[in-house]
Amino acid sequence: MKLVIVKYNAGNIQSVLYALERIGMEALVTDDLELIRSADKVIFPGVGEASTAMQYLRKRELDQLIKSLQQPVLGICLGMQLMCAHSEENNTDCLGIFEEKVKRFQPLADNQIQLKVPQIGWNNIHSLKTDLFKGVTENSYCYFVHGYYASLGAHSIATTDYVLPYSSALHKNNFYGVQFHPEKSATVGETILSNFLAL
Amino acid sequence: MLAKRIIPCLDIRDGRTVKGVNFENIRDAGDPVELGAFYASEGADELVFLDITATNEKRKTLSELVNRISHHINIPFTVGGGISSVEDVYQLLKNGADKISVNTSAFKRPDLIKELAKEFGSQCVVLAIDTKLEDDGQWYVYLNGGRVKTNTKCRDWAKQAVDLGAGEILLTSMNHDGTKQGFALDITGQLVKDLPVPIIASGGGGTMAHFEDVFEIAKADAALAASIFHFKEIAIPDLKQYLKEKGIEIRL
């Protein structure tokens, strides 16, 4: 199987590569349009800022390419957010694969302590759908680091509660996105990555 | 719900894990990669590796170690020790670190925090503060692994650092570190109230009840400890089970 990780200006791609190695998979990290188009599966990772990332993708014509892919694609964290229609982060128009919108967490007072933004740490995923979560127990913990979230919508396949319930995973046709970091989510994350590779 | 985090800390010297008491009397505590992988399998939520020799040694050694760690560990980890530039951080992230921590270098040149946050995002910039309660009843910032006192108050520096872009604070109480008498609940709780970023409490965890206190009373987001884990005085699964039974949100 030819597995490709999209290379762009939003790391930390290395962690994804090593996580795949741990489950016995080799991946090619590339921004070559033809190599990405011809891959069997594509992972679109990302940690960073939405507008800078989108600018970079447009300049390299990766935006059009990603939208047109037919094989299974997995967006991770910022990758998933960029697959949505729009992000409040610097008012950025994104790829529009998922209609869901990306908004900033508005901290609420939770008893006497404010919920912190960004959310950093392990939170539950529930209301799990699709084979991406095959063998994953409801309310399993995954590792999150993010200040913006995708709202709940028709494409939600996992929900997490922080400030409010939001989409911790999205799915439409061949496109999947997860807000958490499967590459850092211990054995649960490894199961999810393996499930993606088995799609 | 977001879970409270249990974070084993591995102090590294010459590629080995070491542990001292009150920043002194260093003892050997094993291979960092093996220990880290063991803690990950036991349910540690995150790991912190602090290279306590990094300021005097070549950075390459640390990068190689980080690379080895990231191949073997499936949970997030932070690397600190002697980091003073964007280039240092770039090397560590390239080798698989998720976050970095800065301490003395950031205090001496606060713009470092701003540069790192801009380049890599606040989420990967952890500010470590070593603090000590003085006779005047105030907590002061100490530098160089606790050897150099400053006249800056801990709360002031923490606030400034967060304004500059620090994404988390790793707060070590020198009065409590190595004593196993419990965490510094007052200053930890104060920073939790003061700041909009997660606070990692460090120094003094000796019993499971101490962890309960730092989460329940000080409302810390995470608790870090070293020797009680390295010398197997408290096993992570037992600690997490205990906290869960006390009604604290914990990942089991």
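Those protein sequences? They're chains A and B, same order as listed. The first sequence begins at 223 in this note's numbering and counts up one residue at a time. The second sequence begins at 1341 in this note's numbering and counts up one residue at a time. Cβ coordinates follow ideal geometry from the N, Cα and C atoms, glycine included. Note that the structure is predicted; figures quoted are calculated from it, not measured.
Which parts of the stretch 1403 to 1427 of chain B are runs of the alpha helix (DSSP H), unbroken and 4 residues or longer, counting only runs that do not cross its ends?
-> none
Indicate the three-state DSSP secondary structure (helix, strand or coil) for B:Thr-1528 in the structure shown.
-> helix
C-beta atoms of A:Ile-288 and A:Ile-227 nearer than 8 angstroms | no
In three-state terms, what does DSSP make of A:Asn-417?
-> helix
Exposure label - A:Gln-341; buried when at least 16 CB within 10 Å = buried
Could you give the DSSP three-state label for B:Ile-1347: helix, strand or coil?
-> strand
Cβ-based contacts, 7 angstroms cut-off: residues of the stretch 1407 to 1421 of chain B near chain A | Ser-1410, His-1411, Asn-1414, Ile-1415, Pro-1416
Using DSSP with H/G/I as helix, E/B as strand and the rest coil, what is A:Glu-170?
-> An answer regarding residue 170 of chain A cannot be provided, because it is not within the stretch 223 to 421 covered by chain A.
Let me know if A:Glu-283 comes out buried or exposed under the rule of 16 or more other beta-carbons within 10 Å of its beta-carbon.
-> exposed
Report the neighbours of A:Arg-244 on chain B: residues whose CB is nearer than 7 angstroms to its CB, in chain order.
-> Asn-1414
Please check if any C-beta of chain A sits within less than 8 angstroms of the C-beta of B:Lys-1434.
-> yes
If you measure from the beta carbon of B:Gln-1530 to each beta carbon in chain A, is any gap under 8 angstroms?
-> no
Verify the CB distance criterion: does B:Val-1465 have a CB-CB separation below 8 angstroms to chain A?
-> no
Work out the CA separation of B:Val-1488 and A:Val-358 for me, nearest whole Å.
-> 50 angstroms
By Cβ distance below 7 angstroms, which residues in the same chain neighbour A:Met-247 in space, the five residues on each side in sequence not counted?
-> Leu-225, Leu-419
Given B:Lys-1586 as reference, the closest of B:Ser-1542, B:Asp-1496, B:Glu-1552 once Cα atoms are compared | B:Glu-1552
Since I believe B:Gly-1543 is in contact with B:Asp-1517 (beta carbons under 8 angstroms), could you give me their beta-carbon distance rounded to a whole number of angstroms?
-> 4 angstroms
Closest Cα partner of B:Glu-1386 within the set B:Ile-1346, B:Val-1373, B:Glu-1404 | B:Ile-1346
Cβ contact (3+ pairs, closer than 8 angstroms) linking the stretch 1493 to 1511 of chain B and the stretch 1466 to 1475 of chain B = yes
Does any CB atom of chain B fall closer than 8 angstroms to the CB of A:Gly-357?
-> no
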